[in-house]
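Encoded as structure tokens, the structure appears first; notes follow it.
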Amino acid sequence: MRTPWSAALLCAFPLVLAGCSGSPSSSAGAAGTAFTIATDAVTTTLEPSKYDNISHRFAHDPVKATLLQYQSFDETNGQVPGPDDLKPALATDYRVADDGITLQLGEARSAAGNTLSADDVVYTFDRILGLEDPIALSLMTNAGIDPKNPVTVLGEHEVKINAKVNALSAQTLDSYRFSVLDSEAVQAHATDADPWATDWLSANTASYGPYQVSAFTPGTSITLKANPNYDGEIAYPTVNVQAVADPAARVVMAKTGQAQMVSGLPLSTISTLAKDQNVQVLDMPSQAQDMLELNKDVKAFQDPVVRRAISQAVDRAALLAGPYSGLGTVSTSLVSTKIPAQNSTSEYFEHDAAAARQALAEAGYSDLSFTITTNQASISPVPAESLLTALKQQLAAAGISVEVATVASAADFTAAYHEGKYEAFIRLEAPLVADPVFFLNAFHSTGGLSNYMKDSDAGVDAAVKEALNLTGEDRLAAIAPGIRSANDNMIDIPLVESSNQYVYPASVCPGPMSIARYFDPATAAPC
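All the letters of the sequence shown, read from the start, carry residue numbers -30 to -1, 1 to 497 under mature numbering (1 follows the signal peptide of the UniProt record, and there is no 0).
In structure tokens:
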């Protein structure tokens, strides 16, 4: 039995800009057939708690096996899935009550041959707590899951996730951070010095999903092999993820069928490929935005007048038409319009260079200057140098002098902004849960786990505190004043709401698309 509630979680139905004929095959592919993904960057670690950037998903989405997951768009008849569209995955059934979620476990088997057990669920949560995984802990907090006693074993194949159930409790279990680990396989590699086997899991995977990593060269390539004990059909027994720096080379791989999926292409290239009959482009809007983050250790950025002026100096429509090649949406709020919320905007999103110049002069900042830094793999596929150049020119028109810089290594860039080394930087803010309370709490509340800009806004903090344990319309109403305060004070500068584009050869059908995974080689097949 399932117990529904009224909160909403938004995802976007994929728009096929250029399609293939036929439908995904339900039969397994020929022996030796590989699904090759060519992307701009490959993660440097497989450790689940060490998320570095979007490239981490290319390792974990094919491996992922969660207790619950969202139905595919096919199953919802093309409608955006909501909380009532969750379905059992590793669980065979579940029941939601005020004090938690009770789940009946299935009999999935890992690649190591071990059968799913209640102990695996306990271990997965214990490991998150033991490693103090900041993102997973933030998800648990927002989902009302008890950090001291997250799981109660009710039987060999029955567990209860202990929680003060709210709008995010069940949805959180779909996050790959809660992909259930094969505890026997992981613990076999634990040592006294490394009790959670982080060294081993940095280069290996151990789950109940369709694939397991069989080879890994950090930053370069990943090879995944089908789990021989997986109870579903898999069209491609091998998945190869390759970092191919040259976008033109990735385009050739898509057109010739050397790659079955290509990602991270420049948006101008995507626009061109949408008209090419040799490929198909899936444009999947997301709840992510490219954001100009302002480090509040810089005195000028503590002043809302300065932040508002910077926002007014930005011509978002010109950015969208230029560097973004028209793919995406102009930002109008700190909270993406793709996230269900009682959203707001403010006058400071409107481009007005003259007003920005005047405000800075009146506030004593007519000589404002700073450096903006970014990394290509840490933003949407917009060309980083083009975006930085456009911003530099726009801000100069308001009397703001900006130097720009790019960092080649995503890991180095991430480490540096975590440590507060940049005056200003651009990154993609992409909350794992499309919920305004989770987003503001994690990214922009005082002390938030992903608040690397040291934002501190009394209106945001008060609204988050009020909304955390509410559900449905009450939750959205309670967080609305926080959204309004964030926009009025322009605590950081949203630029463009991005979308995710994936390119496939015309001969490949991606399979049922779902917010459970960005892509799913297990269900892809020749058309």
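From the three backbone atoms N, C-alpha and C, an ideal C-beta is built for every residue, glycine too.
Test item: CB-CB of ILE115 and THR85 under 9 angstroms
No, Cβ-Cβ distance for ILE115 and THR85 is not below 9 angstroms.
SER153 to LYS195, Cα distance in whole Å?
Whole-angstrom Cα-Cα distance: 20 angstroms.
Identify the continuous beta strand (DSSP E) that holds ASP22 and give its terminal residues.
Segment: none, ASP22 is in no beta strand (DSSP E) and carries neither H nor E.
Near VAL214, what residues of its chain come up, given a Cβ to Cβ distance below 6 angstroms and the 5 sequence neighbours on each side ignored?
Counting only Cβ-Cβ distances below 6 angstroms, and skipping sequence neighbours, we find ALA8 and ARG220.
May I have the straight-line CA-CA distance separating SER80 from THR3, to the nearest angstrom?
Between SER80 and THR3, the alpha-carbon positions lie close to 22 angstroms from each other.
In whole angstroms, give me the CA-to-CA distance for ILE461 and LYS20.
Each residue's Cα considered, the two are about 27 angstroms apart.
Quick check: what's the CA-CA separation for ALA380 versus PHE340?
Taking the straight line joining both Cα atoms gives about 22 angstroms.
Start and end of the alpha helix (DSSP H) containing VAL91?
Run containing VAL91: 88 to 101, per the alpha helix (DSSP H) assignment.
If you draw a straight line from the alpha carbon of PHE409 to that of ASN421, how long is it in whole angstroms?
Their backbone Cα atoms lie some 10 angstroms apart in a straight line.
Identify the continuous alpha helix (DSSP H) that holds ASP63 and give its terminal residues.
For ASP63, there is no enclosing alpha helix (DSSP H); the residue is part of the beta strand (DSSP E) that begins and ends at 61 to 67.
What does DSSP give as the partner residues of GLU467 in its beta bridges?
Answer is GLN259 and THR299, bridged to GLU467.
For GLN250 and GLN230, what's the separation of their Cα atoms in angstroms?
Here the alpha carbon of GLN250 sits roughly 11 angstroms from the alpha carbon of GLN230.
For the beta strand (DSSP E) containing VAL232, name the first residue and the last one.
For VAL232, the enclosing beta strand (DSSP E) stretches over residues 231 to 233.
Per DSSP, cross-strand counterpart(s) of CYS479
Residue pairing by DSSP places CYS479 opposite ALA495 in a beta bridge.
What residues in its chain sit with their C-beta under 6 angstroms from that of VAL156, if we drop five residues either side in the sequence?
Counting only Cβ-Cβ distances below 6 angstroms, and skipping sequence neighbours, we find ALA167 and ALA176.
Could you please give me the residues that DSSP links to LYS57 through a beta bridge?
Under DSSP, LYS57 forms a beta bridge with GLN39.
In the DSSP output, what is ARG397 paired with across the bridge?
Paired residue(s): MET261.
Using a Cβ-Cβ cutoff of less than 7 angstroms, which residues in the same chain neighbour MET423 once the five nearest sequence positions on both sides are dropped?
In its chain, beyond the 5 residues on either side, GLU263, LEU264, ASN265, LYS266 and ASP462 have a beta carbon closer than 7 angstroms to the beta carbon of MET423.
Alpha carbon of PRO236 to alpha carbon of LEU243, nearest angstrom:
For PRO236 and LEU243, the gap between their C-alpha atoms comes out near 11 angstroms.
For LEU338 and SER371, I'd like the C-alpha separation in whole angstroms.
Cα-Cα distance, rounded: 6 angstroms.
Would you mind giving the Cβ-Cβ distance between SER303 and SER314, rounded to the nearest angstrom? I have them listed as a contact below 8 angstroms.
6 angstroms between Cβ atoms; contact.
Considering only C-alpha positions, which residue in the set LYS225, LEU124 and LEU109 is nearest to GLN74?
Cα-wise, what sits closest to GLN74 is LEU124.
Classify ALA283: buried if its beta carbon has 16 or more other beta carbons within 10 angstroms, exposed otherwise.
It counts as buried.
I think PHE148 touches THR36, with their Cβ atoms under 8 angstroms apart; what is that distance to the nearest whole Å?
About 6 angstroms separates the Cβ atoms of PHE148 and THR36, confirming a contact at the 8 angstroms cut-off.
Length of the line joining the Cα atoms of PRO198 and VAL232
C-alpha separation (whole angstroms): 26 angstroms.
Tell me the DSSP secondary structure of residue 510 in three-state form.
Nothing can be reported for residue 510: it is not among the residues displayed for the chain, which extend from -30 to 497.
Would you check if the distance between the CB atom of SER108 and the CB atom of ASN411 is smaller than 9 angstroms?
The Cβ atoms of SER108 and ASN411 lie closer than 9 angstroms to each other.
Classification of ALA366 by the beta-carbon crowding that lies within 10 angstroms, buried from 16 upward:
Classification of ALA366: exposed, given that the 10 Å Cβ count is below 16.
Proximity winner among ASP427, GLU320, ARG397 and GLY179, relative to ASP273 (alpha-carbon distances):
Cα-wise, what sits closest to ASP273 is ASP427.
What is the DSSP secondary structure of VAL121, counted as helix, strand or coil?
Here VAL121 sits in strand by DSSP.
Over what stretch of residues does the alpha helix (DSSP H) that includes GLN228 continue unbroken?
Here GLN228 belongs to no alpha helix (DSSP H), and DSSP marks it neither H nor E.
Provide the residue span of the alpha helix (DSSP H) that contains LYS435, from first to last.
Element bounds for LYS435: 428 to 437.
Using CA atoms only, rank isn't needed, just tell me which of ALA113, PRO475, GLU126 and ALA360 is closest to VAL92.
Among ALA113, PRO475, GLU126 and ALA360, the Cα nearest to that of VAL92 is on GLU126.
Member of GLY429, GLN346 and ARG454 whose CA lies at the smallest distance from the CA of THR384:
Measuring from the Cα of THR384, the nearest candidate turns out to be GLN346.
Neighbourhood of SER87 by C-beta distance below 6 angstroms, restricted to the same chain and skipping five residues each side
Listed in chain order, the non-local C-beta contacts of SER87 below 6 angstroms within the same chain number zero, local neighbours out to five positions each way being set aside.
Determine, using beta carbons only, whether ASP260 and VAL466 come nearer to each other than 9 angstroms.
Going by C-beta atoms, ASP260 is nearer than 9 angstroms to VAL466.
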